[in-house]
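Same order as they appear, the protein sequences are chains A and B.
Residues 1 to 366 in our numbering are what the first sequence spells out, letter by letter.
Residues 1001 to 1366 in our numbering are what the second sequence spells out, letter by letter.
Okay, structure first, notes after.
There are 2 protein chains.
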Amino acid sequence: MSDSSNSPLDLAALRQRIDTIDSELMRLISERAECAAQVAHVKTADDPDAVFYRPEREAQVLRRVMEENPGPLHREEMARLFREIMSACLALERPIKVAYLGPEGTFTQQAALKHFGHSAISLPMAAIDEVFREVEAGAVNYGVVPVENSTEGIVNNTLDSFMDSGLHISGEVVLRIHHHLLMSSITRQDKISRIYSHPQSFAQCRKWLDAHYPHAERVAVSSNAEAARLVKTEWHSAAIAGDMAAQLYGLEYVAEKIEDRPDNSTRFLIIGNESVPPSGTDKTSVVVAMRNEPGALHALLEPFHRYQVDMTRLETRPSRTGAWNYVFFIDFKGHVDQPGIVSVLEEVRGRAQDMKVLGSYPVGVL
Amino acid sequence: MSDSSNSPLDLAALRQRIDTIDSELMRLISERAECAAQVAHVKTADDPDAVFYRPEREAQVLRRVMEENPGPLHREEMARLFREIMSACLALERPIKVAYLGPEGTFTQQAALKHFGHSAISLPMAAIDEVFREVEAGAVNYGVVPVENSTEGIVNNTLDSFMDSGLHISGEVVLRIHHHLLMSSITRQDKISRIYSHPQSFAQCRKWLDAHYPHAERVAVSSNAEAARLVKTEWHSAAIAGDMAAQLYGLEYVAEKIEDRPDNSTRFLIIGNESVPPSGTDKTSVVVAMRNEPGALHALLEPFHRYQVDMTRLETRPSRTGAWNYVFFIDFKGHVDQPGIVSVLEEVRGRAQDMKVLGSYPVGVL
C-alpha cells in the first residue's frame, strides 16, 4: 500500500541511507587501493620487475564474491563490480595491456573485458598468431584467444600457435553464447532471402535454419559483427549474431536463441609469459606427441584413469613437424604443483615421444 | 629496507586485510542495491511508468565522490567505479538504453559510457538526427550527441536537430581530447606521405602539421577510428587520432598531443524526454529567435548582464524557417526553477520573437 504523501519522506530517508553507504564504500575502496599499493611495494622491494597481477589471487577473490554475494544484485553483476575495483587498484600501479583476436564487437573482446576489467588497455589483433607474437614480444602482458566451441570443437589456429610458442596459459574464460536471427529497421521480415553470419555460427544453428529458412542464401562473413553491420543496408537480408552485435548495430530480433544446442558456449584462453601458482580450483593443459602405433592412445590415457585425474577435454591434431605423428591436447582438473598430478605427468612423459605443459590455471570464474 | 624473508608474511597480512575489506564492500554494495530497489518500489507505487534514473541525483553523488575521495585512486577513477555501481543498481530495476552517434571507437561512444556506465545498453547510430529520432520514438531512454568543440566551435547538425525537436537536454559530458600522430607496425616513419583523419582533427592540428608534415597529403575520412584502421595496411601513411583509437587498432605514437590548443576539449549533450530538477550546480540552454534589427543582440543579452547570470556560450545560426532571421543558442549557469533565472527568461521572452528552453541540467561532473 502506498500513500503518495509519505513517499517523499521515504525517498529522502532512502537517499540519506545511500549517501552514508557511499561514504563507507569510498573509504573502503580507498583502503583497498592502499593495500594493493603496499602489496606492489613489498613485491618490487624484492624484484623491481615483479608482476602485480596474480591470476590465482583474482580467481580466489571472484570465487568468494560469487559464493557469498547476498543479493539483490546478480552474482555475475557483483563479480563484475569487483573485477572493476580490482582493475582500478591494479592500474594505479601499472595498467595491464591485453591483446585479443579482433575486431571489436566480437566475443573475444567481450571475453577480454570480462576477464581484465575496463582499467586494462585492450588491443585488437587481426589474427591469432599476432596475439601470440605481441605477448611473446612483451608489447602486451596477456593475450586472449578463442580455443573451444561446444558445437564446432577446437579452434585449430590457436592449438597450432601453442605448438610453436613458449607462452603459458594463465586463465580461461567461458562465455555462454546465444545466437539470434537479427534484422535492421529496413528489413522486410517476410522477404528474407539472404542470411549473413560467421561459418561457426551457421554450423551452430544449422538445424534451426534448415527448418525455418531452408531457401535463404547463407553468406559466410569474417565475424558476426560484420554480419550485423551488413544487414543495415539490405532490406532482404538478416544476420545471425549475439546480443552484443545486436546492440552495437541497433538491430531487431526476428528469432531468439536459435542455436541447436541449448548449452552453446565458447571458451577462451588467457596467455602470458609466467606460470600461475595454484588457486585451489585449477585446470592443466598439456600437449603430448605420440607415434601412431596400436594402443598409443590407451597407453596415454591409462595413467589419468589410474590416478583418478578428471580429464575435461582431449583433442587430436596431426603433427606439423613430421617428427611426430600425432599430438594430443589434453585438459584435466588439477595443478602441476600437486603431487598426484606430478606422478601422472611423469608416467605420461615416459610413454610419450614428447610432452609440453601449456599451463596450470584457475578454472574460469565468471 | 626490505627483507625478503618477511615479505610473505607482509603479503599474507595485506591479503587478509583485502579479504576483510571485500566482504564489507560486498555487504555495502548489496545494501545500496536494496535501497535503490526500494526507491524504485516507492516510485512505481505512485506511477507505474516512473523514471528511476535521476540525472540530478547521480550528479550530486558523483560530485560528492570527486570532492571527498581520499586517494590513492585518482578521483576520476573513483567516480568511474561509483558510476558502475550506480549503473548496476539501476540495471537491476530496468537497464537504461542509450543511442549515440557512432560508429564505435569514437569520442561519442566514450562519452556515452563515461556518463551511463557499462550496465547501460548503448546503440550506435549513423547520424545525429537518428539519435534524436530514437529518443523521440521511445526506442531508447537517452541520446548522446556532440555539440561543441573548443577549436571548431559548435557541431551544426546537433543544433539544427534541436530546433525541430521537443526533447530536453538532461546532461552534458566534457571530454578533454588529445590528438596524436599514429602509425602501424608496417609504417616507415621516415616515408610518411599521407595522413588520414577527421576534418575536425585536421583543423585542430593544422599548425603542427604545417610545421612538421607540410608536404604530406591530408586525406579526410569519416572518423578518427576509420583513419586509425586505414593505416594498418599502408606503409607510407599515418593517422591523427586519440588514445582510444590508438589502443583499438594497436598503433604506435609518432608524436603525442599535437593539437594546437592545449585545452582542446569536446562537449556532448545527453538528450531525453524529461526535464531534470536542480542538482545544485546546473546549466541551462535556450534557443532564441530574433529579427535581424540593429541592437537586437544587445537587447537579448542585456537582461543576463543585469541579473548577473553567467553566460557560458553564445552561438548564432541562420534560421531555416524563414520566419525568423537569426537564432541564438545560449548556455548560462543556473536552473529554470530558480527565481532569478525565471525573471531573466521572462524578459528575454518579451524581447524575442520566440524562445525555447532546451533544458536545465547538471554541469558535467566527470
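Positions of the beta carbon are idealized from the N, C-alpha and C atoms, including for glycine.
Residues that residue i contacts on chain A, provided the C-beta gap is smaller than 8 Å
{"i": "B/Gln979", "result": "What is shown of chain B runs 1001 to 1366, which leaves residue 979 of chain B out entirely."}
{"i": "B/Arg1267", "result": "Residues of chain A passing the Cβ test: none, with the nearest at roughly 23 Å."}
{"i": "B/Gly1250", "result": "Ala99, Leu123, Pro124, Met125, Glu134"}
Inter-residue spacing [alpha-carbon to alpha-carbon] between residue i and residue j
{"i": "B/Leu1092", "j": "B/Ala1037", "result": "8 Å"}
{"i": "B/Leu1123", "j": "B/His1198", "result": "22 Å"}
{"i": "A/Phe107", "j": "A/Asn157", "result": "16 Å"}
{"i": "A/Gly295", "j": "A/Phe328", "result": "14 Å"}
{"i": "A/Gly71", "j": "A/Leu81", "result": "13 Å"}
{"i": "A/Tyr196", "j": "A/Met183", "result": "11 Å"}
{"i": "B/Ile1121", "j": "A/Val357", "result": "41 Å"}
{"i": "A/Ala59", "j": "A/Glu172", "result": "11 Å"}
{"i": "B/Leu1159", "j": "B/His1074", "result": "35 Å"}
{"i": "A/Ser30", "j": "A/His179", "result": "41 Å"}
{"i": "B/His1212", "j": "B/Arg1206", "result": "10 Å"}
{"i": "A/Leu181", "j": "A/Thr20", "result": "46 Å"}
{"i": "A/Val140", "j": "B/Gln1247", "result": "11 Å"}
{"i": "B/Val1309", "j": "B/Lys1333", "result": "7 Å"}
{"i": "A/Phe132", "j": "A/Leu62", "result": "27 Å"}
{"i": "A/Ser201", "j": "B/Glu1252", "result": "34 Å"}
{"i": "B/Ala1045", "j": "A/Met66", "result": "32 Å"}
{"i": "B/Leu1011", "j": "A/Glu34", "result": "13 Å"}
{"i": "B/Val1147", "j": "B/Phe1268", "result": "5 Å"}
{"i": "A/Gly350", "j": "A/Ser165", "result": "23 Å"}
{"i": "A/Gly364", "j": "A/Val174", "result": "6 Å"}
{"i": "B/Arg1057", "j": "A/Thr233", "result": "40 Å"}
{"i": "A/Ala352", "j": "B/Met1078", "result": "53 Å"}
{"i": "A/Arg32", "j": "A/Val135", "result": "29 Å"}
{"i": "A/Gly117", "j": "A/Glu76", "result": "13 Å"}
Cross-chain neighbours of residue i in chain B, by beta carbon under 8 Å
{"i": "A/Val65", "result": "Asp1022, Met1026"}
{"i": "A/Leu73", "result": "Ile1029, Ser1030, Ala1033, Ala1088, Cys1089, Leu1092"}
{"i": "A/Phe82", "result": "Asp1022, Leu1025, Met1026"}
{"i": "A/Asn224", "result": "Chain B residues near A/Asn224: none, gap ~15 Å exceeds 8 Å."}
{"i": "A/Pro70", "result": "Met1026, Arg1027, Ser1030"}
Neighbourhood of residue i by C-beta, 6 Å cutoff - its chain only, sequence neighbours within 5 removed
{"i": "B/Ala1370", "result": "Coverage of chain B is limited to positions 1001 through 1366, which leaves residue 1370 of chain B absent and any answer about it impossible."}
{"i": "B/Gly1340", "result": "Tyr1307"}
{"i": "B/Ala1220", "result": "Pro1199"}
{"i": "A/Glu259", "result": "His179, Gln204, Cys205"}
{"i": "A/Tyr142", "result": "Val98, Ile270, Gly272"}
{"i": "A/Leu230", "result": "Tyr196"}
{"i": "A/Ala227", "result": "Tyr196, Ser197, Val221, Ala239, Ala241"}
Contacts that residue i makes with chain A (C-beta to C-beta distance below 7 Å)
{"i": "B/Gln1038", "result": "Leu14"}
{"i": "B/Gly1272", "result": "Under the 7 Å cutoff, chain A gives no residues; its nearest Cβ is about 18 Å from B/Gly1272."}
{"i": "B/Ile1096", "result": "Going along chain A, no residue has its Cβ under 7 Å from B/Ile1096, so there is no contact; the nearest lies around 12 Å."}
{"i": "B/Arg1017", "result": "Cys35"}
{"i": "B/Glu1077", "result": "Ala88"}
{"i": "B/Val1061", "result": "Asp22"}
{"i": "B/Gly1138", "result": "Residues of chain A passing the Cβ test: none, with the nearest at roughly 14 Å."}
Close-in-space but distant-in-sequence residues of the same chain around residue i (CB under 8 Å, 5 per side omitted)
{"i": "A/His236", "result": "Thr187, Arg188, Lys191, Ile192, Ser193, Arg194"}
Under 7 Å by beta carbon: chain B residues contacting residue i
{"i": "A/Ser279", "result": "Those do not exist, as A/Ser279 stays about 13 Å from chain B at its closest Cβ, beyond 7 Å."}
{"i": "A/Leu11", "result": "Val1039, Val1042"}
Proximal chain B residues relative to residue i, where beta-carbon distance stays under 9 Å
{"i": "A/Met244", "result": "Per Cβ cutoff of 9 Å: no residues; A/Met244 is ~10 Å from chain B at best."}
{"i": "A/His118", "result": "Arg1080, Glu1084, Leu1113, His1118"}
Status (buried if at least 16 other CB within 10 Å, exposed otherwise) for residue i
{"i": "B/Ala1245", "result": "buried"}
{"i": "B/Gly1359", "result": "buried"}
{"i": "A/His298", "result": "exposed"}
{"i": "A/Tyr249", "result": "buried"}
{"i": "A/Pro214", "result": "exposed"}
{"i": "B/Thr1266", "result": "buried"}
{"i": "B/Asp1331", "result": "buried"}
{"i": "B/Gln1016", "result": "exposed"}
{"i": "B/Met1026", "result": "buried"}
{"i": "B/Asp1022", "result": "buried"}
{"i": "B/Ser1185", "result": "exposed"}
{"i": "A/Gly280", "result": "exposed"}
Interface flag, residue i vs chain D, CB-CB below 8 Å
{"i": "B/Ile1128", "result": "Protein chains in the displayed structure are A and B, and chain D is not among them."}
Residues near residue i in its chain [Cβ-Cβ closer than 7 Å; skip 5 each side]
{"i": "A/Tyr361", "result": "Pro55, Ile169, Ser170, Gly171, Glu172, Val276, Asp282, Lys283"}
{"i": "A/Leu14", "result": "none"}
Checklist entry - Taking any Cβ of chain A, which residues in the stretch 1166 to 1191 of chain B have a Cβ under 9 Å from it, in chain order? => result none
Checklist entry - For the stretch 348 to 360 of chain A, which residues have a beta carbon sitting closer than 9 Å to at least one beta carbon of chain B? => result none
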